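Working notes for the structure below.
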Amino acid sequence: MRILFKNGNIYGEDFKLYKFMSVKDGVFEYVGNHEPIGINFNKEVDLKGNFVFPGFFDSHIHLLSYSKTLFELNLSGIQSMEEVKKVLKSFKPKGGVVYGFGWDDEKWKVKPDKRILDEIFPDRFVILKRRDGHSLWVNSLVLKKFNIDKDTPDPQGGKIERDEEGNPNGVLRDRAMELVKLQDSLYSEKEIINEGIKKLHSLGITSVCNMDGDILPVLIEGKFKLRIFSAIPLEKLDSLISLGLRSFFGDEFLKIGGVKVFLDGSLGSKTCFMKEGFEDEKKNRGLIYFDDGELEEIFKRIEDNNLVLWIHSIGDMANEIILSVFEKLWKKRNLHHRIEHAQILSESLIERIRSIKPYLSIQPSHIYLDVEKIEKYLGKRGRWTYPIKSLMNSGSVVSFGSDAPIEDPEPLKGIKVSIERKAGGKFFYPEEAITVKEAFRAYTINGAISVGEETRLGSIKEGKAADFIIFDADPLSLNAKVIATYINGISVFEIL
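Using this note's numbering, the letters of the sequence shown map in sequence onto residues 22 to 517.
If you want it as structure tokens, here you go:
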């Protein structure tokens with residue numbers, strides 16, 4: 022199948038503009054300013070002056086979790102407990118479990134408590150996930166079902182919030198969330214993910230690194246039209262090794278990604294691991310999932326078996342720990358070990374990054390979510406949160422992702438804030454702003470580089486997979502709209 026796309030503004034490598042491109046059997050065959058002569062095309066597409074850009078690569082998304090939010094109660098943007106109660110009372114659940122996502126209690130005068138949920142849903146299980154994905158708010162039925170009571174100890178790397186008498190109050194932090202395992206849906210996971218992928222296509226996303234680690238079977242079954250590099254949870258490491266599987270093994274659409282390891286929690290839940298306590302809780306330094314020795318052993322097993330580590334690390338102390346492990350043990354430089362988030366750093370940590378050059382997966386749209394928290398919880402330390410320009414200048418490959426459903430998966434949103442460094446009506450350390458071209462690279466070719474696919478994906482170039490977006494205006498203006506998305510030269514989304 023040969024298709025000619027003509028009369029466009031096509032961004033090739035290095036942001037050069039071309040008028041024509043042809044696709045043969047899913048691969049870019051030609052990109053240039055002269056119409057090919059003497060070739061019989063099965064189809065010709067007149068781009069009518071619209072702009073063509075490589076498909077976006079979201080380097081950090083929770084594919085199933087995001088897709089589920091399209092079916093769940095949305096609690097984003099709610100400013101008070103009274104609003105929460107109003108939304109919950111008006112909600113008409115179809116299944117036996119009330120699932121919700123997106124609450125953020127930072128400004129609430131009344132804090133989450135199981136009794137509030139018990140009053141509204143006395144006979145249904147209620148599971149509401151915080152916006153940062155690191156806390157659950159559940160009712161008494163859920164606590165009872167999973168035997169979470171006064172005598173249940175806090176797990177390593179987790180916390181069960183309690184009332185004055187020591188009883189669980191319904192809020193579970195980080196690894197304590199793993200105590201709750203409840204599924205109830207009218208739709209299969211395959212159907213749910215398919216809806217999520219449709220939304221991603223509409224945003225121009227053609228490749229992702231999926232961080233929902235335990236869904237490989239449904240991804241294999243689904244044969245989805247999205248290039249997925251899927252993380253494998255640490256709990257499956259033994260199985261990976263025994264099967265002789267390696268990171269980035271797979272076919273053109275689905276490949277095994279890195280081994281996903283959590284080192285600490287989040288800023289929003291004040292569970293990221295810090296050198297010093299938070300400004301409003303001096304004694305709280307957050308949570309650490311592993312001690313240094315455990316993490317070293319995990320890393321050795323991963324690298325010795327030619328696997329890649331994708332490690333969640335947010336707090337400055339957590340980042341110091343993983344950098345120390347890399348300095349000591351990273352021998353196989355062909356393995357693309359990657360820090361997910363690298364959110365809170367310091368000038369000295371950036372110098373160590375300059376030396377080590379780990380791959381970095383950053384989520385700039387979190388700036389919208391975190392800017393007030395950074396000022397409140399970190400004070401002057403906030404200067405070295407999301408230091409994107411400094412990280413790019415360090416020589417590490419920086420790729421961008423959304424961390425959806427924690428944030429909107431819209432790539433242009435993350436690109437915009439990384440360029441403007443403006444959130445909540447004010448600038449946020451503008452000295453860390455990057456150029457528009459640097460931002461677009463981080464959402465395209467850098468994602469491909471981070472998984473070793475730069476010769477196949479990430480740019481419009483002869484010989485690469487024909488994954489691209491058609492915009493109604495120049496995307497570099499940040500005011501463009503996606504009107505079509507193609508994967509392997511075939512339309513997967515189109516505004517008619």
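We treat Cβ as the ideally placed atom computed from N, Cα and C, and that holds for glycine.
Computed from a prediction, not measured in an experiment: that's the story for all the values here.
Whole-angstrom C-beta distance between L344 and L370, which should lie under 8 Å: So it is a contact: roughly 7 Å between Cβ atoms.
Cα-Cα separation between F269 and E182, rounded to whole angstroms: Distance between the alpha carbons of F269 and E182: 39 Å.
Distance between N63 and W124 (C-alpha atoms, nearest Å): The alpha-carbon separation between W124 and N63 amounts to approximately 51 Å.
Closest Cα partner of Q100 within the set E483, I409 and R152: The candidate whose alpha carbon is nearest that of Q100 is R152.
Beta-carbon contacts of V513 that lie in its chain and below 6 Å, excluding the five residues immediately before and after: Here the set comprises H222, K246 and T506.
Reduced DSSP category for F36 - H, G, I as helix; E, B as strand; rest coil: Note: F36 maps to helix in three-state DSSP.
Residues that K150 bridges to, as DSSP identifies them: For K150, which the question treats as bridged, DSSP gives the partners F122 and L157.
Residue closest to W405, alpha-carbon to alpha-carbon, out of E452, L96 and P430: The residue among E452, L96 and P430 with its C-alpha nearest the C-alpha of W405 is E452.
Distance between L264 and Y398 (C-alpha atoms, nearest Å): Spanning the two alpha carbons is a distance of roughly 45 Å.
Contact check, P75 vs F421, beta carbons under 9 Å: No, the Cβ-Cβ distance between P75 and F421 is not below 9 Å.
Element boundaries [alpha helix (DSSP H), containing A339]: First-last of the alpha helix (DSSP H) with A339: D337 to L350.
Where M22 falls, given that 16 or more other Cβ within 10 Å makes a residue buried: Only exposed fits M22, as fewer than 16 other CB atoms lie within 10 angstroms of its CB.
Span of the beta strand (DSSP E) around N190: From DSSP, the beta strand (DSSP E) with N190 extends over P189 to D195.
E56 beta carbon less than 9 Å from that of K37: With respect to the 9 Å criterion, K37 and E56 are not classified as neighbours on the basis of their beta carbons.
Three or more C-beta pairs below 8 Å linking the stretch 383–391 and the stretch 423–430: The way I'd put it, the stretch 383–391 does touch the stretch 423–430; three or more beta-carbon pairs between them come closer than 8 Å.
Whole-angstrom C-beta distance between F77 and P432, which should lie under 8 Å: At roughly 4 Å, the Cβ-Cβ gap stays under 8 Å, so P432 and F77 are in contact.
Beta-carbon proximity list for I24, same chain, < 7 Å, skipping 5 on both sides: Same-chain partners within the cutoff: S43, V44, F62, N63, K64, V66 and G510.
Whether S471 touches I82 by CB criterion (9 Å): Going by C-beta atoms, S471 is not nearer than 9 Å to I82.
Local conformation of S376 per DSSP, three classes: S376 sits in a helix when the DSSP states are folded into three classes.
Nearest-angstrom Cα separation, counted from I440 out to A460: Computed Cα separation, rounded: 7 Å.
Cβ pair count under 8 Å reaching 3, the stretch 300–317 against the stretch 165–173: Inter-segment contact for the stretch 300–317 and the stretch 165–173 is absent: fewer than three beta-carbon pairs are separated by less than 8 Å.
CB-CB length for D391 against L284, believed under 8 Å: Beta-carbon to beta-carbon, D391 and L284 are separated by about 18 Å, too far to satisfy the 8 Å threshold.
Residue interval of the beta strand (DSSP E) (run including P254): Counting along the chain, the beta strand (DSSP E) containing P254 begins and ends at R248 to P254.
Bridge-paired residues (DSSP) for A285: Note that residue 285 is Asp in the sequence shown, not Ala. According to DSSP, D285 bridges with I309.
Cβ shell of H94 (< 6 Å), same chain only, five flanking positions each side left out: First, the residue type needs correcting, since residue 94 is Leu and not His in the sequence shown. Hits under 6 Å: F112 and G121.
S367 to A339 span [Cα, whole Å]: Distance between the alpha carbons of S367 and A339: 12 Å.
Proximity below 9 Å, CB of G468 to CB of D139: At a Cβ-Cβ threshold of 9 Å, G468 and D139 do not count as neighbours.
Test item: CB-CB of S251 and G278 under 9 Å: Remark: C-beta atoms of S251 and G278 approach each other more closely than 9 Å.
V503 - containing alpha helix (DSSP H), residue span: For V503, no alpha helix (DSSP H) encloses it; the enclosing beta strand (DSSP E) starts and ends at V503 to I508.
For G47 and A487, the rounded distance between their alpha carbons: Each residue's alpha carbon lies about 6 Å from the other.
According to DSSP, residues forming a beta bridge with P75: Bridge partners of P75: F489.
Residue of L497, Q364 and D313 minimising C-alpha distance to K349: For K349, the nearest C-alpha among the options comes from D313.
Candidates I214, D144 and L328, of which the one nearest K353 by Cα: Nearest C-alpha to K353 among I214, D144 and L328: L328.
Expected contact under 8 Å - CB spacing of H155 and G286 to nearest Å: The pair is a contact, with the Cβ atoms about 5 Å apart (cut-off 8 Å).
Other residues of its chain near S417: CB distance less than 7 Å, five sequence neighbours each side excluded: Answer for S417: I374, K378, P379, Y380 and L381, listed in chain order.
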